[in-house]
Amino acid sequence: LTSMLKFPDGALRQQPFDSSEEKPQFPGASAEFIDHLEFIQPNVISGIPVYRVMDRAGKIINPSEDPQLSKEQVLNFYQKMTLLNTMDRILYESQRQGRISFYMTNYGEEGTHIGSAAALDPRDLVFGQYREAGVLMYRGFPLDLFMAQCYANVDDLGKGRQMPVHYGSKDLNFVTISSPLATQIPQAAGAAYAAKRENTNRAVICYFGEGAASEGDAHAGFNFSATLECPLIFFCRNNGYAISTPTNEQYRGDGIAARGPGYGMMSIRVDGNDVFAVYNATKEARRRAVAENQPFLIEAMTYRIGHHSTSDDSSAYRSVDEVNYWDKQDHPISRLRHYMTARSWWSEEDERSWRKQSRKMVMEAFEKAEKRHKPHPDLMFSDVYEEMTPNLVKQKEAMWRHVQQYKEHYPLDAYAK
Amino acid sequence: MAAAARFLLRGAGSKASIANVNIGDQSLFGITLLRLSPNCSSQTKTQRRNAAHFTYHPDPVPTEYGPTTKMNLFQSVTSALDNTLASDPTAVIFGEDVAFGGVFRCTVGLRDKYGKDRVFNTPLCEQGIVGFGIGAAVAGATAIAEIQFADYIYPAFDQIVNEAAKYRYRSGNLFDCGNLTIRAPWGCVGHGSLYHSQSPEAFFAHCPGIKVVIPRGPVQCKGLLLSCIADQNPCIFFEPKILYRAAVEQVPTEAYTIPLSQAEVIQEGSDVTLVAWGTQIHVLREVANMAQEKLGVSCELIDLQTILPWDTETVCKSVAKTGRLLISHEAPITGGFAAEISSTVQYLQLMLHLPSHCKHQSQIINWVVRALNADWLTAVLYQIVYHRYEKTCIFTSLIKLVTS
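This is how it looks when you write it as structure tokens:
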């Protein structure tokens, strides 16, 4: 008879089973005995600390933590965050005006997107939830294609099939977004396992919110990635709300980071509004995930400044004062701007001219997208399977017969020929 | 699950009843029951656990796929997986307990042969198994997931229906999980009761984007499983667990494929079309023999094999010939897959031009027979009783079909 013993280096080795020893011999846990009854108290008052590099005014606190990125890199961070912000404003407005059907903004969370995206390799596969457009923007997804997806026009890579903000890009290694929450989490574990077997130094990152972390799929993904030793970064955007549900109704423990150790997973909590903290944590997690074949959990604390979506009015469940605090006092964009202006890397004039330029870029893409045709109606029937099945062929033909017969009821001019 | 028999009668005038059906003077039902169960008496005896409620009929030895060897159903699965792991370096097999060989021995020897990174246990979590499988397939690996019993597939329903089935369509074909195959033991086994006997194919038939396949024996199993693995759409492969040991055939040792979405006419006939899949094929084979012997009725037996997308052409062509259709499956009758088959056959018979020998094309009569309250769940005791009479019930339905 043997039992498994966990050694300090983390390896599990078989020990000869010796019932005369006082140590517990259970296969399920390696611990000491205790002779008095004591429940472990979950520590939520002073839980896992929040790692940050800059203070709320954009000043570096511990210089050894400054990633010391070049001016060019930092300007790129800033411009991507602000371009995202500008695109959000215009597309939100366009939904209000009835031009697109739906939209979700990223206000307040731009730092989590850009900081993490910058720390990855472009080949790393990204699984997102729906509030990570900045990751795609950082990787170079053009404004035209963001707009094309929201307008479901003929240029949409997704062929006009999904609601707005369900972006995807094979070239940029960003898996297409789907509406069900947390489904991407165990998928990311599978993809990371396949990447490990390929042995090409590829990591996988999986984004989700603190609400989605309550789903069973999240538990499944965490457990699988740890037991199967996957090179994977779990990136939780804890923004305080899941639609109207605040965090104290979402969980009772110490957030999402505290769950990591329960799965045997390396975990950290970071200030999500500090783009350098996000960058540092993601960079180190990525390096070690690939080198050591283990998952890392990053919980980025942030705040959802905007409504959940265009279908939500958050004044119904939170105060304007609370929102204003985050918008004015602790915003990733302004904190980075203070860092830049302190180094004279960005002036008022730069700000004015960039605002004008980025707005112009977005407006041009927007006006162009609006005028494009919709995708060809045949695309309703393809890609259900890899091949068109006999049923679908018949159904497509029936549709066209119907449309030809009643063509005055169908706006075919708006669609690609 | 109880067998549900549905049948269709097409054309009230043309083939309404078959002449020379030898029924006899006495109560039809009574005589049939007596003849089929000679051992049943009213005295209570010590119960023996019953053997299978049907006799397994092996397929003829295939000659077109190379050398064969004797295999039962679980060995034919192992053989298919062995071929796959040998030829496809990205292939991985995972699920609960697959490492030591699996609770039905389908993966015996594979971990030792191909390595622990390719054949491995997962935590006990079906939604995780399928989600993990989808992700591995999306990243380019050939992912073969095992769900320990089809009865436990439901936690993975969201991943299958909302994710796997829709991956290609929703991404505009940028991404897909066509490399995913999910295998699960399926169907009645005699003592499985509610949670080791289910046939959930009807739930998945309602989901475009996936394929659902069910073999009737080892030769079909290996060929269809290899087709599922090769197919570039996510596939669910249900393996009739009662056949794992009971079904023995000569099976080719090399890899070969049997096409999906092609039903097979196992036995030609002229008077009634019988449709089934999996275990029920063997039950219906016996019903067909009984029909020939006792009623002089010639049955055409079709193995549907692929439930989704199913071969409407073969079934409709057969019903156009015979004029009568009887479908038998294990799952509950309401919303069972026989409902889809019967409504499609009726619709196509109405809509398509029927052959000239059918005089009354516009008259379609649809009779649905509940065989022994077939919407119930399967308690172990009733399973034992029911299986004994299953053939009788189906046969009774067939008699009604041919004599009305």
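So the sequence lines, in the order shown, correspond to chains A and B.
Okay, so the first sequence: first residue is 39 according to our numbering, each after it adds one.
Okay, so the second sequence: first residue is 307 according to our numbering, each after it adds one.
We treat Cβ as the ideally placed atom computed from N, Cα and C, and that holds for glycine.
DSSP has residue i in a bridge; who is on the other side?
i, result
"Cys244(A)", "Phe165(A) and Phe272(A)"
"Pro491(B)", "Glu545(B)"
"Thr374(B)", "Pro558(B)"
"Glu337(A)", "Cys274(A) and Arg307(A)"
"Ile98(A)", "Met92(A)"
"Cys605(B)", "Val578(B)"
For residue i and chain A, any beta-carbon pair shorter than 7 angstroms?
i, result
"Phe643(B)", "no"
"Ile440(B)", "yes"
"Arg474(B)", "yes"
"Ala392(B)", "no"
"Gly498(B)", "no"
"Asp331(B)", "Any reading at Asp331(B) is ruled out, since the residue's pLDDT is 35, under 50, leaving its predicted position unreliable."
"Val444(B)", "yes"
"Cys431(B)", "yes"
"Ala490(B)", "no"
"Gly493(B)", "no"
"Ala451(B)", "no"
"Leu480(B)", "yes"
"Pro565(B)", "no"
"Pro539(B)", "Per the sequence presented here, residue 539(B) reads as Asn, with Pro not at that position. Yes, its Cβ sits closer than 7 angstroms to a Cβ of chain A."
"Glu696(B)", "no"
"Pro368(B)", "no"
"Ala462(B)", "no"
"Ser604(B)", "no"
"Ser662(B)", "Any reading at Ser662(B) must be qualified, since the residue scores a pLDDT of 39, below 50, and its modelled position is unreliable; no value is offered."
In chain order, what residues of the same chain lie with their CB nearer than 8 angstroms to the CB of residue i, ignoring the 5 residues before and after it?
i, result
"Leu391(B)", "Ala397, Ile399, Leu416, Lys419, Tyr420, Arg424 and Val425"
"Asp240(A)", "For clarity, residue 240(A) is Arg in the given sequence; the question names Asp instead. Result list for Arg240(A): Asp159, Arg161, Asp162, Leu163, Ala233, Pro269 and Val328, in chain order."
"Tyr198(A)", "Per the sequence shown, residue 198(A) should be read as Gly rather than Tyr. Answer for Gly198(A): Ala190, Asn191, Val192, Lys412, Pro413 and Leu417, listed in chain order."
Under 7 angstroms, do residue i and residue j count as touching if we go by C-beta distance?
i, j, result
"Met175(A)", "Glu148(A)", "no"
"Ala405(B)", "Val436(B)", "no"
"Asp368(A)", "Asn311(A)", "yes"
"Thr124(A)", "Gly344(A)", "no"
"Glu402(B)", "Ile440(B)", "no"
"Tyr317(A)", "Gly153(A)", "yes"
"Pro546(B)", "Trp616(B)", "no"
"Lys406(A)", "Tyr453(A)", "no"
"Tyr89(A)", "Ala315(A)", "yes"
"Pro524(B)", "Ala553(B)", "yes"
"Ala264(A)", "Pro333(A)", "yes"
"Ile138(A)", "Pro202(A)", "yes"
"Gly478(B)", "Gly178(A)", "no"
"Val308(A)", "Ala338(A)", "yes"
"Tyr145(A)", "Leu129(A)", "no"
Can you tell me the Cβ-Cβ gap for residue i and residue j, rounded? I've got them flagged as a contact below 8 angstroms.
i, j, result
"Ala157(A)", "Lys321(A)", "4 angstroms"
"Phe543(B)", "Gly228(A)", "Actually they do not touch by this definition, with Cβ atoms about 19 angstroms apart."
"Asn611(B)", "Ile520(B)", "Rather than Asn, the amino acid found at residue 611(B) in this sequence is Gln. Right, the Cβ-Cβ distance comes to about 7 angstroms (below 8 angstroms), so this counts as a contact."
"Asp577(B)", "Arg522(B)", "Not a contact, Cβ separation roughly 22 angstroms."
"Ile572(B)", "Leu601(B)", "Wrong, their Cβ atoms sit about 20 angstroms apart, outside the cutoff."
"Ser505(B)", "His635(B)", "7 angstroms"
Near residue i, what residues of its chain come up, given a Cβ to Cβ distance below 7 angstroms and the 5 sequence neighbours on each side ignored?
i, result
"Gly434(B)", "Thr428"
"Trp550(B)", "The amino acid at residue 550(B) is misidentified as Trp; the sequence shows Tyr. Closer than 7 angstroms at the Cβ level, and outside the excluded window around Tyr550(B), lie Asn378, Leu379, Phe380 and Phe410."
"Pro415(A)", "Tyr453"
"Glu432(B)", "Ile453, Tyr458, Ile459, Pro461 and Ala462"
Counting only beta-carbon atoms, is residue i nearer than 7 angstroms to chain B?
i, result
"Arg199(A)", "yes"
"Gln225(A)", "yes"
"Ala256(A)", "no"
"Asp421(A)", "yes"
"Tyr231(A)", "yes"
"Phe184(A)", "no"
"Val213(A)", "yes"
"Gly206(A)", "yes"
"Asn311(A)", "no"
"Leu210(A)", "no"
"Arg439(A)", "no"
"Gly228(A)", "yes"
"Pro333(A)", "no"
Whose C-beta lies closer than 6 angstroms to the C-beta of residue i among residues of the same chain, with five residues either side of it excluded?
i, result
"Phe475(A)", "Residue numbering for chain A in the displayed model covers 39 to 455; residue 475(A) lies beyond these limits and cannot be assessed."
"Leu532(B)", "Ala386, Ala561 and Thr563"
"Trp384(A)", "Met378"
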